[in-house]
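Engineer: Once you've had a glance at the structure underneath, I'll fire off some questions.
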Amino acid sequence: MTDATAEIGDTARAAPEDTLIGCPICDAVYRLSPETAAEATRCARCGYRLTLGRSTAITRVVAIAATNVALMMIVIFLPFLDLQAGTFESRASVLEVVVGFSSGIMVPLAFAVIAFILVLPILRFLFLIYALGPILAGAGNLPNAKGALRWAFKLKPWAMAEIFMIGVAVALIKLADLASVATGPAFWVFGLVVLLNAYQDSFMCRHTLWTALQDNKR
Amino acid sequence: MMTARGRGQVVCRSCGEVEPMGRARCPRCGEYLDSRDETSIEKVWAWLLVGLIAYIPANLYPMLLTTQVFRTEEQTIVGGVVELIHYGSYAVAGIVFFASVVIPVGKFIVIGYLAVLMSRPRHTSDPHRLLVLLEVVEFIGRWSMIDVFVVAILSALVQFDVLATINPGIAAVCFALSVIFTMLAAQSFDSRLIWDRMKDDTQGAPGHV
Numbered sequence: 015m016t017d018a019t020a021e022i023g024d025t026a027r028a029a030p031e032d033t034l035i036g037c038p039i040c041d042a043v044y045r046l047s048p049e050t051a052a053e054a055t056r057c058a059r060c061g062y063r064l065t066l067g068r069s070t071a072i073t074r075v076v077a078i079a080a081t082n083v084a085l086m087m088i089v090i091f092l093p094f095l096d097l098q099a100g101t102f103e104s105r106a107s108v109l110e111v112v113v114g115f116s117s118g119i120m121v122p123l124a125f126a127v128i129a130f131i132l133v134l135p136i137l138r139f140l141f142l143i144y145a146l147g148p149i150l151a152g153a154g155n156l157p158n159a160k161g162a163l164r165w166a167f168k169l170k171p172w173a174m175a176e177i178f179m180i181g182v183a184v185a186l187i188k189l190a191d192l193a194s195v196a197t198g199p200a201f202w203v204f205g206l207v208v209l210l211n212a213y214q215d216s217f218m219c220r221h222t223l224w225t226a227l228q229d230n231k232r
Numbered sequence: 021m022m023t024a025r026g027r028g029q030v031v032c033r034s035c036g037e038v039e040p041m042g043r044a045r046c047p048r049c050g051e052y053l054d055s056r057d058e059t060s061i062e063k064v065w066a067w068l069l070v071g072l073i074a075y076i077p078a079n080l081y082p083m084l085l086t087t088q089v090f091r092t093e094e095q096t097i098v099g100g101v102v103e104l105i106h107y108g109s110y111a112v113a114g115i116v117f118f119a120s121v122v123i124p125v126g127k128f129i130v131i132g133y134l135a136v137l138m139s140r141p142r143h144t145s146d147p148h149r150l151l152v153l154l155e156v157v158e159f160i161g162r163w164s165m166i167d168v169f170v171v172a173i174l175s176a177l178v179q180f181d182v183l184a185t186i187n188p189g190i191a192a193v194c195f196a197l198s199v200i201f202t203m204l205a206a207q208s209f210d211s212r213l214i215w216d217r218m219k220d221d222t223q224g225a226p227g228h229v
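Shown next as structure tokens:
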């Protein structure tokens with residue numbers, strides 16, 4: 015992928031089909047021709063990636079979101095880790111991992127953890143399907159599709175599935191001398207979700223997605 | 021450099037749409053439009069302060085309560101790192117130390133530095149350097165949650181009656197709150213102020229990046 019430096023708009027030579035695009039980081043404004051807007055562009059002043067050059071992003075974003083929702087259902091119900099110490103055995107799904115917190119003052123923390131690792135990631139995927147799915151299906155936008163897409167972007171820093179995976183790795187090492195730990199199927203499925211999620215982020219071009227949502231018939 | 025404000029326009033921070041000033045919400049994505057967040061720095065200070073306050077008990081109180089054969093051991097954040105070093109897991113000790121001590125402390129310093137600079141009417145720093153600092157803080161801040169998740173996993177798995185049980189300590193709550201508050205501090209920072217308050221505006225001249 016080549017990075018084209020966005021040229022500042024020359025108002026005198028502006029073509030009617032050009033779009034104005036603003037940099038949310040430094041407030042610079044650019045006039046992009048449809049060809050330039052389809053490429054990867056950077057803000058000349060601060061380096062923010064105005065467009066990612068992913069004009070066919072919608073199919074992939076929706077496909078990956080749908081896959082991840084299905085995989086997350088597996089993650090919730092199958093065993094995640096399996097621990098053996100002498101005659102004791104404990105098998106925990108991701109939901110049970112959170113139940114470990116659920117006594118007394120720890121209840122709010124349990125809710126926060128379940129939100130960060132399950133609810134918010136799944137909600138993000140559902141928002142993306144809700145907002146962009148109808149475009150693929152050739153249907154009009156669903157009510158408040160704007161809000162769904164906006165929140166899919168806003169929730170990104172709060173969806174922490176990948177951080178949870180590193181936490182699992184650290185926990186496994188801490189447990190190594192106390193008990194023998196085996197990874198369950200949900201562990202590997204969750205790892206797959208994290209990888210797919212990272213791949214999906216490379217297609218989340220704000221310009222492409224918002225333009226598509228705007229141009230789609232209501 | 022042509023800025024939206026100079027043209028009497030507002031850039032939507034959610035979708036990049038350029039709209040005339042005075043409109044309340046972006047017609048394309050529905051986000052509230054605001055040319056500059058005038059109270060940005062106050063919000064940054066407020067979130068940073070509560071984050072710092074929560075970080076103190078997070079370090080003083082135990083993160084983990086390990087009970088082995090009727091004997092309960094309390095482990096703080098730093099205590100956990102020391103234990104990992106004791107077991108020879110230097111790499112993991114490094115990760116935990118970095119995520120729970122270096123990142124939070126670094127974040128307090130960097131956000132505080134940026135907020136002090138922006139509290140002055142003009143600054144002479146390189147805007148790119150300041151933006152890199154802000155982006156690093158925003159990108160890396162959430163990774164501090166590692167230790168909270170470790171505590172969650174350990175206390176869920178290790179429940180073997182008298183043999184061994186692990187329970188979360190109050191510091192886990194404080195630490196999680198501290199991470200959340202400092203993430204909000206970084207998000208409250210209006211990056212457009214960095215360019216507005218440059219002393220020498222030629223630094224912002226267009227050029228290849």
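Respectively, the protein sequence lines represent chains A and B. Letter by letter, the first sequence follows residues 15 to 232 of our numbering. Letter by letter, the second sequence follows residues 21 to 229 of our numbering. All C-beta atoms in this analysis are idealised placements derived from N, C-alpha and C, irrespective of residue type, glycine included.
For Trp215 (chain B), return the contacting residues in chain A, with the cut-off set at a CB-CB distance below 9 Å.
Structural biologist: Position 195 of the second sequence holds residue 215 (chain B). Within chain A, the residues near Trp215 (chain B) are Ile39, Cys40, Asp41, Ala42, Arg59 and Cys60.
Engineer: Residues in the same chain with beta-carbon distance under 7 Å from Val168 (chain B), minus the five sequence neighbours each way, listed in chain order, please.
Structural biologist: The sequence position of residue 168 (chain B) within the second sequence is 148, counting from 1. Result list for Val168 (chain B): Ala192, Phe195 and Ala196, in chain order.
Engineer: Just verifying my parser: in three-state terms, what is the DSSP assignment at Met218 (chain A)?
Structural biologist: Translated into positions along the first sequence, residue 218 (chain A) becomes position 204. Coil.
Engineer: Counting only beta-carbon separations shorter than 8 Å, does Phe76 (chain B) have a partner in chain A?
Structural biologist: As a working note, residue 76 (chain B) is residue 56 in the second sequence. Looking at the sequence itself, residue 76 (chain B) is Ile, so the reference to Phe does not match. No, no contact with chain A.
Engineer: Just the C-alpha distance for Ile76 (chain B) and Ser69 (chain A), rounded to the nearest angstrom, thanks.
Structural biologist: Counting from one through the second sequence, the residue named residue 76 (chain B) turns up at place 56. Counting from one through the first sequence, the residue named residue 69 (chain A) turns up at place 55. Approximately 48 Å, taken between the alpha carbons.
Engineer: Looking at the secondary structure, which residues open and close the alpha helix (DSSP H) in which Arg164 (chain A) lies?
Structural biologist: Start at 1 with the first residue of the first sequence, and residue 164 (chain A) comes out as number 150. Taken as a continuous stretch (DSSP letters only), the alpha helix (DSSP H) holding Arg164 (chain A) covers Ala159 to Lys168.
Engineer: Tell me whether Tyr44 (chain A) sits in a helix, a strand or coil according to DSSP, three-state version.
Structural biologist: The residue labelled residue 44 (chain A) in the question sits at position 30 within the first sequence. Looking at Tyr44 (chain A) - three-state DSSP - the assignment turns out to be strand.
Engineer: Assign Met87 (chain A) to one of three DSSP states: helix, strand, or coil.
Structural biologist: Mapped onto the first sequence, residue 87 (chain A) falls at position 73. Three-state result, Met87 (chain A): helix.
Engineer: Between the Cα of Lys168 (chain A) and the Cα atoms of B:Cys35, B:Glu39, B:Arg25 and B:Gly99, which residue gives the shortest distance?
Structural biologist: For this step, residue 168 (chain A) is matched to residue 154 along the first sequence. Comparing Cα positions, the closest option is B:Cys35.
Engineer: What is the DSSP secondary structure of Asp17 (chain A), counted as helix, strand or coil?
Structural biologist: Start at 1 with the first residue of the first sequence, and residue 17 (chain A) comes out as number 3. With a pLDDT of 41 at Asp17 (chain A), under the threshold of 50, the predicted position of this residue should be treated as unreliable, and no value is reported.
Engineer: Rounded to whole angstroms, what is the Cα-Cα separation between Phe90 (chain B) and Gly147 (chain A)?
Structural biologist: Here residue 90 (chain B) corresponds to residue number 70 of the second sequence, with the count starting at 1. Here residue 147 (chain A) corresponds to residue number 133 of the first sequence, with the count starting at 1. Using only the alpha carbons, I get a separation of about 56 Å.
Engineer: In this structure, does DSSP put Thr59 (chain B) in helix, strand or coil?
Structural biologist: Position 39 of the second sequence, counting from 1, holds the residue named residue 59 (chain B). Note: Thr59 (chain B) maps to coil in three-state DSSP.
Engineer: For Trp67 (chain B), would you say it is in contact with chain A, using Cβ-to-Cβ distances shorter than 8 Å as the test?
Structural biologist: On the second sequence, residue 67 (chain B) is found 47 positions in, with the first residue counted as 1. Chain A, which has no Cβ nearer than 8 Å to the Cβ of Trp67 (chain B), makes this no.
Engineer: Report yes or no: do three or more beta-carbon pairs, one from the region 202-216 of chain B and one from the region 137-151 of chain B, lie closer than 8 Å?
Structural biologist: Because the criterion of three Cβ pairs below 8 Å is met, the region 202-216 of chain B and the region 137-151 of chain B touch.
Engineer: Determine which residues of the region 82-101 of chain B have a Cβ less than 7 Å from any Cβ of chain A, and write them out in chain order.
Structural biologist: Listed in sequence order: no entries.
Engineer: Taking the beta carbon of His143 (chain B) as the centre, do at least 16 other beta carbons fall within 10 Å, making it buried, or is it exposed?
Structural biologist: If you number the second sequence from 1, residue 143 (chain B) lands on position 123. Looking at its Cβ environment, which holds 16 or more other Cβ atoms inside 10 Å, His143 (chain B) is buried.
Engineer: Can you list, in chain order, the residues of its chain with a C-beta nearer than 6 Å to that of Ser107 (chain A)? Leave out the 5 residues immediately preceding and following it.
Structural biologist: Translated into the one-based positions of the first sequence, residue 107 (chain A) becomes position 93. So the qualifying residues of the chain are Pro93 and Phe94.
Engineer: Closest by CA to Glu176 (chain A), which one among A:Leu186, A:Ile187 and A:Phe204?
Structural biologist: Taking the first sequence and counting its residues from 1, one reaches residue 176 (chain A) at position 162. Nearest option by C-alpha distance: A:Phe204.
Engineer: What in chain A is Cβ-close to Leu204 (chain B), meaning under 8 Å?
Structural biologist: In the second sequence, counting from the first residue as 1, residue 204 (chain B) sits at position 184. By Cβ distance, chain A contributes nothing, its closest Cβ being about 10 Å from Leu204 (chain B), past 8 Å.
Engineer: Can you list the residues of chain A that Ile166 (chain B) reaches, using a CB-CB cut of under 8 Å?
Structural biologist: Position 146 of the second sequence, counted from the first residue, corresponds to residue 166 (chain B). Chain A residues near Ile166 (chain B): Ile177, Ile180, Gly181 and Val184.
Engineer: At least one CB of chain B closer than 8 Å to the CB of Glu31 (chain A): is that the case?
Structural biologist: Position 17 of the first sequence, counted from the first residue, corresponds to residue 31 (chain A). Output row for Glu31 (chain A): interface = no.
Engineer: What whole-angstrom Cβ distance do Ile131 (chain B) and Val70 (chain B) have, given they're in contact under 8 Å?
Structural biologist: By one-based count along the second sequence, residue 131 (chain B) stands at place 111. By one-based count along the second sequence, residue 70 (chain B) stands at place 50. Not quite, the Cβ-Cβ distance comes to about 13 Å (not below 8 Å), so this is no contact.
Engineer: Starting from the C-beta of Phe92 (chain B), find all residues in its chain whose C-beta is less than 8 Å away, skip the five residues before and the five after it, and write them out in chain order.
Structural biologist: Counting from 1 along the second sequence, the entry for residue 92 (chain B) is found at position 72. The amino acid occupying residue 92 (chain B) in the given sequence is Thr; Phe does not appear at that position. Closer than 8 Å at Cβ, skipping near neighbours: Leu85 and Thr86.
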